[in-house]
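S.K.: Sequential numbering of the sequence shown, starting at 14, is according to this note's numbering.
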Amino acid sequence: MMSFIFNVFGISFAMMCIVYKSAANSLPELSPQKYFSTLQAGKASLAYFCQADSPSTSVFLEELNKAVKPLQDYGISVAKVNCVKEETSRYCGKEKDLMKAYLFRGNILLREFPTDTLFDENAIIAHVLFIEDIERAHLYFLHCKLVLDLTQQCRRTLMGQTLTTLNIYRFIKTMEAPLLTEVAEDPQQVSTVHLQLGLPLVFIVSQQATYEADRRSAEWVAWRLLGKAGVLLLLRDSLEVDIPQQANVVFKKEEGMPVEYLVLHDVDLVISHVENNTYIEETQEDEDDDMDEGPDMGIQDDEVAESVYRDRKRQLPLELTVELTEETFNKTVMASDSIVLFYAGWQAVSMAFLHSYVDLAVKLKGTSVMLLTRINCADWPDVCTKQNVTEFPVVKMYKKGEDPVSYSGMLGTEDLLKFIQLNRISCPVNITSVQEAEEYLSGELYKDLISYSSVSVLGLFSPTMTTAKEDFTEAGKYLKGYIITGIYSEEDVLILSSKYTATLPALLLARHNEDKVESIPLANTHAQEIVQIITNALLETFPEITVGNLPTYLRLQKPLLILFSDGSINPQYQKAILTLAKGKHLDSVIPCWLNLENTPVGREILKAYFGALPPLPVLVVVNLHSGGQVFAFPSDQAVTEQNLLLWLKKLEAGLENHITILPAQEWKPPLPAYNFLQMMDAAASQYPTRKGPECMKETNIQENDEEQHEDKSAVRKEPIETLRIKHWNRNNVFKAEKSVRHDKEL
């Protein structure tokens, strides 16, 4: 027989909510008194508090209902608690607490969450399981099938990875696989379930004369590496492919990668080689490490910080980026074209972006002419201050003879990669012939960059249009790293202007995926206006709205015409909207669509509009910038060109009633950006005046800041600003964040 031991620390989870009976029928219903009487120390429970006379929240309850079974699998029971109007307890009495979630261990409250962070099944389960102290949970596999005497204990294997669904699945599958397999074929061609699960293979090479001893050694290695690698006994005598005569171990790290032939005469050396060449996220508790791993997660509980906390033991190949110091910064960025990441080791966003930055280094390994570097501003604040870095994280590009260029895009690997690749060429590109201009517009001139920019912009000017060319050049420099721009001002420029019906000065915009060139006049247009023209021209006609691109479309200050769909768009609806858009009938709005499968928060948006999730698809107009009115297209009408155009005309004439008005409020990040210089001032004001030798030491450090010391490698003097920052971080940062979250609760 086989069995599992799953030891999860006991927690109770309580959530304030609003009732929707049909979605919660499967939940046990208890009174507050009955529920709290059932709580036991060391036991886990998820409680959902409801008031019968509150509006419905069908979407949330549907997601909560989905989470019941998975949570029960982890030993966490789920119950619905019915509150009555007369109830004045902390969890039933206050209306503002209905938008919070409460996490308990036994009857002790551990943490509060806003319910908008529990937006779907996965979010609910994750917030329950991935709380602080999750490392106390352990999963064992008991190998009782091998025990014939019931008085003997079963051998057990501890799962060494964090308790995620994927890791648990991988662990169970490896436990079900054979402990040791004999093979007599080329190791390069061998594939087992271990490789499919991302684990390596270890082949113990054997021959007929030493078969028994080799098998015992292989079994011993297999037990030591159980759950970490697959172990096979490779029979050399039956092998058709020759392997080196001295090799006694073959190591295969990944599917498709060349195998390694090793000479290892000790079992411990085999174990060590596997563990040193395989990333295994151990769950060993190390209190000293946790002290240095950053913010107190009980206080800084935003999603970014929690992701950093969960990934805190992920081994990053930091050696792919060059770490800079005060001594090496200037000579490094002056010696080669460099990308510099300015970050703070104590800040969650910085550490999250560091993962993306290292992933970028992996993608560019051996191919980039840019040197990827990083500097921790918590250690070297003077350098960051001189580079005008006051908030984190910041990425800057340094090229010889040019001013540093700051990256202002999304904090992700792909967007940063696009920025670096498009910066390989100087913009605007100086085009010197009509033939070269045609190659540029067709995408042939820089076809290796088409995947990063599917649009090419070419400015056409006569040789005498000096001011217009200067404005276009300034705009091209501003857009460098985001789009390819070129300029043509030769004597034969009229050939191009005539072909593309462009009155000089003009801008040609070539869309490679549509094989189309559009002409835009630039008469009396300044640099910033050119930037705006190009930026607007890059926008899609009928885009899918996502969290990443929403700010771009909001900047246009127009009402949004949004088609909400649970999956792909109805072709009939898409055709109707695109036809009206191309006919310039939708210029007063921004037509777009939102896929609830890709962007689940759309369900909460619809709930805010309608009070409950309406039948999908649904078409609405949202006037975010003036009045906040929300209008819904009649559900009894088909979305056709005629019906949609008539409805929009009624909206403009004020003949349609809105379904709701959104409250006037400013949209801000959940936490403020960290201003490095302001933190320095705040921290400095907290320090008492030092006396005697300590004051003299600080003065000496400041006076000799620019001097070269004789032996800097022997003793690293930590800048005094570092001490201030770390002190400020531990005492002030989290207090400020807690205050901000308290003020901005929903």
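Glycine included, each C-beta is placed from N, C-alpha and C at the ideal position.
Output needed for LYS409: all residues of its chain with C-beta closer than 6 Å, excluding positions within five of it in sequence on either side, in chain order.
M.R.: VAL353, PRO417 and SER419
S.K.: Following the continuous beta strand (DSSP E) through ALA645, name the residue where it begins and the one where it ends.
M.R.: Unbroken beta strand (DSSP E) run through ALA645: 642-645.
S.K.: Can you give, in chain order, each stretch of the beta strand (DSSP E) that sits fully within the segment 549-604 and has at least 3 residues?
M.R.: 573-578
S.K.: Between the beta-carbon of LEU567 and the beta-carbon of LEU632, is there less than 9 Å?
M.R.: The answer is no: Cβ separation not under 9 Å.
S.K.: Where does THR151 fall in DSSP's three states?
M.R.: Looking at the sequence itself, residue 151 is His, so the reference to Thr does not match. HIS151 sits in a strand when the DSSP states are folded into three classes.
S.K.: Three-state secondary structure (DSSP) at SER502?
M.R.: Correct three-state label for SER502: coil.
S.K.: Can you give me the Cβ contacts of VAL276 inside the same chain, cut-off strictly under 8 Å, excluding the 5 residues immediately before and after it?
M.R.: Listed in chain order, the non-local C-beta contacts of VAL276 below 8 Å within the same chain comprise GLN259, ALA260, ASN261 and VAL262, local neighbours out to five positions each way being set aside.
S.K.: Starting from the C-beta of SER510, find all residues in its chain whose C-beta is less than 6 Å away, skip the five residues before and the five after it, and write them out in chain order.
M.R.: LEU473 and LEU517
S.K.: Going by the beta-carbon positions, is the gap between PHE432 and TYR495 smaller than 9 Å?
M.R.: yes
S.K.: Go ahead and pull the three-state DSSP assignment for MET172.
M.R.: Under the three-state reduction of DSSP, MET172 is assigned to coil, being neither helix nor strand.
S.K.: Does DSSP put TRP393 in a helix, in a strand, or in coil?
M.R.: coil
S.K.: Could you tell me if ASP528 is buried or exposed, where buried requires 16 or more neighbouring beta carbons within 10 angstroms of its beta carbon?
M.R.: By the neighbour-count rule (16 or more Cβ atoms within 10 Å), ASP528 is not buried but exposed.
S.K.: Who pairs with THR194 in a beta bridge, going by DSSP?
M.R.: LEU245
S.K.: Nearest CA to the CA of ARG166: which residue from HIS156, GLN174 and THR175?
M.R.: This sequence places Gln at residue 166; Arg is not what is there. Among HIS156, GLN174 and THR175, the Cα nearest to that of GLN166 belongs to HIS156.
S.K.: Are the beta-carbon atoms of PRO476 and GLU504 separated by less than 9 Å?
M.R.: yes
S.K.: Taking just the CA atoms, how far does PRO584 sit from LEU626?
M.R.: Distance from the CA of LEU626 to the CA of PRO584, rounded to the nearest whole angstrom, comes to 23 Å.
S.K.: Assuming LEU208 and ILE181 are in contact, meaning their beta carbons sit under 8 Å apart, how far apart are those beta carbons, in whole angstroms?
M.R.: Actually they are not in contact, since the Cβ atoms of LEU208 and ILE181 sit about 19 Å apart, beyond 8 Å.
S.K.: Taking all protein chains shown into account, decide if ALA139 is buried (16 or more other Cβ within 10 angstroms of its Cβ) or exposed.
M.R.: buried
S.K.: Judging by CA-CA distance, which residue of TRP606, PRO271, VAL160 and THR398 is the nearest neighbour of VAL203?
M.R.: With distances taken between Cα atoms, VAL203 lies closest to PRO271.
S.K.: Starting from the Cα of GLY561, find the closest Cα among GLY422, VAL160, TYR453 and ALA365 and give me that residue.
M.R.: GLY422
S.K.: With 16 as the cutoff for other CB atoms within 10 Å, does ALA677 come out buried or exposed?
M.R.: exposed
S.K.: Suppose you measure from the CA of ALA190 to the CA of GLU610; what does that come to, to the nearest Å?
M.R.: A straight-line Cα-Cα distance of about 35 Å links ALA190 and GLU610.
S.K.: CA-CA distance, THR345 and PRO330?
M.R.: Cα to Cα, the separation comes out at about 20 Å.
S.K.: Based on the DSSP output, what are the partners of MET410 in its beta bridges?
M.R.: ILE352 and VAL418
S.K.: Whose CA, out of TYR586, THR178 and HIS525, lies closest to the CA of TYR453?
M.R.: HIS525
S.K.: How many Å lie between HIS278 and SER230 at the Cα?
M.R.: Whole-angstrom Cα-Cα distance: 11 Å.
S.K.: Quick one: what's got a C-beta closer than 6 Å to LEU385's C-beta in the same chain, skipping five residues either side?
M.R.: Around LEU385: THR334, ILE352 and ALA374.
S.K.: Quick one: is LYS493 buried, meaning 16 or more other Cβ sit within 10 Å of its Cβ, or exposed?
M.R.: buried
S.K.: Near THR514, what residues of its chain come up, given a Cβ to Cβ distance below 7 Å and the 5 sequence neighbours on each side ignored?
M.R.: SER532
S.K.: Spatial neighbours of VAL72 within its chain, please: C-beta separation below 6 Å, excluding the five flanking residues on both sides.
M.R.: ARG616, LYS620 and LEU626
S.K.: Apart from the five residues on each side of it in sequence, which residues of its chain come closer than 8 Å, Cβ to Cβ, to GLY243?
M.R.: THR187, ALA190, THR194, THR205, VAL206, HIS207, LEU208, LEU212, PRO213, LEU214 and VAL215.
S.K.: Could you tell me the alpha carbon to alpha carbon distance between ALA80 and ASN135, rounded to whole angstroms?
M.R.: So the alpha carbons of these two residues sit roughly 8 Å apart.
S.K.: Just to confirm the assignment, what range does the beta strand (DSSP E) spanning PHE132 have?
M.R.: No beta strand (DSSP E) contains PHE132, which DSSP labels as neither H nor E.
S.K.: From VAL407 to TYR356, what distance separates their C-alpha atoms?
M.R.: For VAL407 and TYR356, the distance between alpha carbons rounds to 7 Å.
S.K.: Go ahead and pull the three-state DSSP assignment for SER230.
M.R.: helix
S.K.: Rounded to a whole number of angstroms, what is the C-alpha to C-alpha distance between ARG168 and THR175?
M.R.: 21 Å
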